[in-house]
Structures are given as C-alpha cells and as structure tokens.
Amino acid sequence: MSHQLAIEHDVIGVGFGPSNLALAIALDESARRSRLKCAPLFVERQPHFTWHGGMLLPGSDMQISFLKDLVSIRDPTSPFTFVNYLHKRGRLLDFINCRTFYPSRLEFNDYLRWVAAQFKSQAAYGETIIAVEPVTAGQTVTSLRVHSRTLAGGETVRLARNLVVAVGGQPYVPQVFAKIAEDSRLFHSSRYLDTVERAGFGGRATRIAVIGGGQSATEVTVDLYSRFPDARIDLIFRGHALKPSDSSPFVNEIFNPDYTDFIYAQSSERRDAIVRNFRNTNYAVVDSDLLDQLYRLLYQQRVGGETRVALHPRSEITGVDARPEGIEISLADKFGGRNRRSTYDAVVLATGYDRETPHAFLEPIRRYIRDAVLDRNYRLVTSPAFRPQIHLQGYSEASHGLSDTLLSVLAARSQEIAESLLSTISRRELIA
Ligand SMILES: Cc1cc2nc3c(=O)[nH]c(=O)nc-3n(C[C@H](O)[C@H](O)[C@H](O)COP(=O)(O)OP(=O)(O)OC[C@H]3O[C@@H](n4cnc5c(N)ncnc54)[C@H](O)[C@@H]3O)c2cc1C
Ligand SMILES: NC(=O)c1ccc[n+]([C@@H]2O[C@H](COP(=O)([O-])OP(=O)(O)OC[C@H]3O[C@@H](n4cnc5c(N)ncnc54)[C@H](OP(=O)(O)O)[C@@H]3O)[C@@H](O)[C@H]2O)c1
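Take the sequence shown: its letters are residues 1082 to 1513, numbered as in the numbering used here.
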C-alpha cells in the first residue's frame, strides 16, 4: 500500500460524471470572472471518462434535448456547448440535417468525453473514494482528509477544503435476487454491454430473462433480440403494460431550473405529492418511439410464427434458485392467472438505481451532519464548528424535484454550487 503526501485542494469532487463535469466548467468560468484562483480535483472510479458505458447501446438516443447540455441553459456562448462540440468535430451541418433534438447516447458520451479531456489536469481517474475524515484544530473541523483506493490497490490521501459528492445511483438488486447476487449469470443492466460482449451467447439457443418495465429493460430486450438471433427473451415486469414516459411540453416545464425554487419552497408532504404525481416522466416508463419499435417487433414475430421475445406482465417474482443448468425463476401472476417457473442461462436486472444517503465514505464525519435534507444550494447542513462545505449532486430529488437525477438542470445547479464554493475561497487568492 503506497501513501502519498497529502495535498490540499480547494474542492475535491467525488465522481466525474456529468454533474461534476458541469461543476468543473462552472467553477472554471466563475473563478475567471471573479478573478479568483480555485484548484479543484475530481476523483473518478473509472479508468477514463465514460457515461453509463454498460448501456451505450447502438441505437439508443438521448432522452433530453441536446440544448440541455452542460452549459447552454446558463450560457449559450460558453465554449463547452454541444453545438461548439459539433462545430469542432466538423459535424454541425450534418447534425442539423438529422433534424433532431435527441442525439444518440454514443454521440452525447463523445461530447462529454470531449469536455472531460479539456479538464484532464483536474481529474484523477481509476481511484475510488473510500473515506472522508475530519481534520481538526481544537473543536473546529478545518478541512477534510480524503482517502481513495487506486485500481492497483494503493491508497492516496489528499486534503480538501470542500467536497462535492456526485456519485450517481447504485445498481439496485431486488431482495429476492440477493442470495444469488454473486452468480455470474445474473447481472444488472448497468453492466449489460460489458457482460454480453464477453458472454458468447451467439450461435446457441440461450434463454434470457430481463426483469423490469422501464427504459433500460426495454432497450436491453430490443438489443438482445437483434444481437443474438438464437436467443429467447422473456421480459418480466409487475405492471399491467409497458407505459410511455410523459415528455409533453407543459409537463416538461417541471424540469426547468425555476421549478427547483418552487418545489423547494413547498412543505415536505407537498413535495412528495408532486414527485409522485410526475414519476411517470422518468421512472418505470419507456420512450414512446421505443414502445412502438418493440410492439412492431412482437407483431412481426407473430406474422412469421416465431416467439423469440415474450412479455410477462403482472408478474411477481416469488423465488429464485441458482442451479447448474441455469437460474430458475418462479413467477406468480398478480391477478390470479397461471404461476410459472422457468430456467434461464442469463438474467438481466433492469431494476433501476438506489440513491441512499449518507454515503458510506462519509461515515467518519457523520456526527457533524445535522440534517439529511440539503439546503437550497445542495449543501449538507452541518454543525457550526464544521467549516468545510459538502455539496451533494443527484441526491435531493425529494426536496429539489425530479430534475435532480437527470441532466436537465446541470448547467444551473453547477453554477449555484460553484458560487457557494467560491464565496468561501479567500480574497487573498485574488489573481494579481
Ligand atoms: C443508461 C442511462 C441513460 C440515461 N440517459 C439520460 C438522458 O438521456 N437524459 C437525462 O437527463 N438523464 C439520463 N440518465 C440519468 C443519469 O443519472 C444522468 O444522465 C447523469 O448520468 C447523472 O450524472 P451524475 O454525474 O450525477 O452521475 P453518474 O453519471 O452516475 O456519474 C457518477 C460518477 O461517479 C463515479 N463514482 C461513483 N462512486 C465513486 C467513488 N466512491 N469514488 C470515485 N468515483 C465514484 C462513477 O464511476 C461515475 O462515473 C440516464 C441514466 C442511465 C442509467
Ligand atoms: N436512452 C436513455 O436515455 C436511457 C436508457 C436507460 C435508462 N435511462 C434512464 O435511467 C433511469 C433509470 O431507468 P431504468 O429503466 O434503469 O430504471 P427505472 O425506471 O427505475 O425502472 C426500474 C424497473 O425495475 C422494476 N423493479 C424494481 N424493483 C423490482 C422488483 N423487486 N421486482 C421486479 N421489478 C422490479 C420497476 O418496476 P415497478 O414499477 O413495478 O417498481 C421498474 O419497472 C431513468 O432516468 C431512465 O430515463 C435512460
């Protein structure tokens, strides 16, 4: 285990996905404007920048307009817009001719990588943050000691005056699958591409179950169908039918930055009711074009007399067993129909993501955290003698609304956090 001398950073970002990437831009632009010197470092677990790489499926598109990139809604003149990326890549006119607001996820990933490359000097890839400890002077916590584990197993220690945690969701494994979670034939959709590309399902009659009724489950089902012509795929979900996501214009206004102010000002009961009411904009729903594609695929199967893809709605999973011949799943029809038991060569859990706080790596400073609810600037409320600011991105859907886990308000949120952080950076650091 190698220990490096602790270097102090103004801000350490935990994770370098779109949220902290947007923050890197906002900090850089705001610091320049206010002639402040700010030295952030973003520590990222992956060896290089990738945006949900396990789901970068050929043919999958963005679910948000490219104009909601990392900066445009705050400053369309920024050099980090998607439009400038297209211009630099020499594809602006061709993109215009595609006549779409929704680029492929592969292209948006390339845009994000293009931005990340410009902040390479502020990023440490291949390191996982494992613990954040208080550094004290008397009763006061003055900064944070941040421990990370490298891919090679070494440990690095750095000091941070402030922390911004943006680690995304953790793949959710339903309890019924917990006892076989280590079985290599079971995997979450977040690892889909890496796993199927290695699995060698091609050329044999593989049986695959996909669990869930959301966007990931549907994308995976369609991808399996085209990728493995000999596979039989069961899509298993609890609802009556696959449902479309509501992306209609009036509803979409809940993803505007000013809606965050509105929802934050409500009582917690009202916030809950609003989030519940608009859940079908995002969770357990499917883009309507993809639904049409799947429906046509199923119809064409019937025309050709094949049954490679089968839908199993209203299905509760009552038991799971790992057997040598495959994973056995028992299903109960929620409305009293036929119960079934089937064995699969592989099971894909497209069961969404968990966002539980506080994060395990914050455990050593937990006693200083006063409230689980973040303030309007996404800052953890801590005890008065705790000087560092800790901001969380993507962990305040209940208080800041459904845009919190998405790309929708990144440009605005990162600016709010950047201003809050820069207000703490001493005027002594004014650039001469
Ligand atoms: C397949 C998929 C497609 C999506 N498409 C859209 C879309 O089209 N539009 C939209 O608005 N939203 C979409 N989303 C929602 C998604 O949450 C956001 O797009 C976006 O990824 C949120 O960015 P983030 O940086 O907060 O989180 P993430 O993108 O999840 O990034 C978090 C980063 O933190 C790193 N990390 C985690 N733990 C640690 C640690 N302990 N130490 C160091 N690094 C760590 C991870 O490796 C990761 O790179 C999609 C989600 C999925 C799963
Ligand atoms: N192309 C893209 O842009 C793209 C692609 C994929 C994902 N995404 C985004 O990623 C986010 C997550 O989407 P997602 O589809 O991964 O997750 P999700 O929308 O949260 O859906 C999870 C699904 O898993 C089911 N589920 C959860 N627990 C279960 C259990 N115990 N047993 C059976 N089923 C269970 C849920 O069913 P219930 O409803 O019955 O609970 C739901 O249908 C969304 O924001 C989505 O838009 C975007």
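Every residue, glycine too, gets a C-beta built ideally from N, C-alpha and C.
Predicted model, so just to flag it, every value in this text is computed and none were measured.
When DSSP labels each residue in this structure, what does residue i get in the three-state scheme?
i       : result
Asp1339 : helix
His1129 : coil
His1084 : Since pLDDT at His1084 reaches only 48, below the 50 mark, its modelled position is unreliable, and the value read off the structure follows with that caveat. Coil at His1084, not helix or strand.
Phe1123 : strand
Phe1200 : coil
Gly1094 : strand
His1269 : strand
Ala1513 : Per-residue confidence for Ala1513 stands at a pLDDT of 38, beneath the threshold of 50, marking its modelled position as unreliable; the derived number appears in the next sentence. Note: Ala1513 maps to coil in three-state DSSP.
Gln1496 : helix
Pro1435 : Note on identity: in this sequence residue 1435 is Asp, with Pro being the wrong assignment. Three-state DSSP puts Asp1435 in a strand.
Leu1173 : helix
Ser1185 : strand
Ala1236 : It should be noted that the sequence gives Glu, not Ala, for residue 1236. Of the three classes helix, strand and coil, the one that applies to Glu1236 here is strand, per DSSP.
Asn1243 : strand
Ile1289 : strand
With a threshold of 16 other CB atoms inside 10 Å of the CB of residue i, please say whether the residue is buried or exposed.
i       : result
Phe1098 : Correcting the residue type first, residue 1098 is Gly in the shown sequence and not Phe. That one is buried.
Glu1110 : buried
Ser1202 : exposed
Thr1181 : exposed
Asp1368 : buried
Ser1484 : buried
Ser1477 : buried
Asn1363 : buried
Thr1221 : exposed
Gln1251 : exposed
Given this structure, state the Cα-to-Cα distance separating residue i from residue j, to the nearest angstrom.
i       : j       : result
Pro1121 : Thr1231 : 19 Å
Leu1193 : Leu1225 : 29 Å
Val1303 : Thr1287 : 15 Å
Asp1370 : Lys1324 : 11 Å
Asp1264 : Ser1229 : 28 Å
Val1277 : Ala1312 : 12 Å
Cys1119 : Gln1296 : 39 Å
Glu1089 : Val1248 : 21 Å
Ser1153 : Glu1208 : 30 Å
Leu1305 : Phe1416 : 29 Å
Ala1114 : Phe1268 : According to the sequence as given, residue 1114 is Arg; it is not Ala. Spanning the two alpha carbons is a distance of roughly 46 Å.
Pro1439 : Arg1447 : 8 Å
Ser1307 : Val1257 : 29 Å
Ile1093 : Gln1374 : 43 Å
Glu1334 : Pro1139 : 29 Å
Gln1496 : Leu1104 : 7 Å
Gln1144 : Pro1405 : 40 Å
Tyr1253 : Asp1353 : 21 Å
My assumption, with CB atoms under 8 Å, is that residue i sits in contact with residue j. Please give the rounded CB distance.
i       : j       : result
Val1291 : Ile1314 : 6 Å
Ile1471 : Arg1457 : Not confirmed; about 15 Å, so no contact.
Val1390 : Leu1372 : About 14 Å; that fails the 8 Å criterion.
Val1095 : Val1238 : Contact flag wrong, Cβ pair sits at about 14 Å.
Between the segment 1269 to 1282 and the segment 1415 to 1434, are three or more C-beta pairs nearer than 8 Å?
-> yes
Sufficient close CB pairs (3 or more, under 8 Å) joining the segment 1158 to 1166 to the segment 1186 to 1204 | yes
Quick one: any contact between the segment 1449 to 1467 and the segment 1391 to 1398, if contact means 3 or more CB pairs under 8 Å?
-> no
Between the segment 1135 to 1152 and the segment 1477 to 1491, do three or more beta carbon pairs fall short of 8 Å?
-> yes
Any chance the segment 1328 to 1344 sits against the segment 1439 to 1453, with 3 or more Cβ pairs inside 8 Å?
-> no
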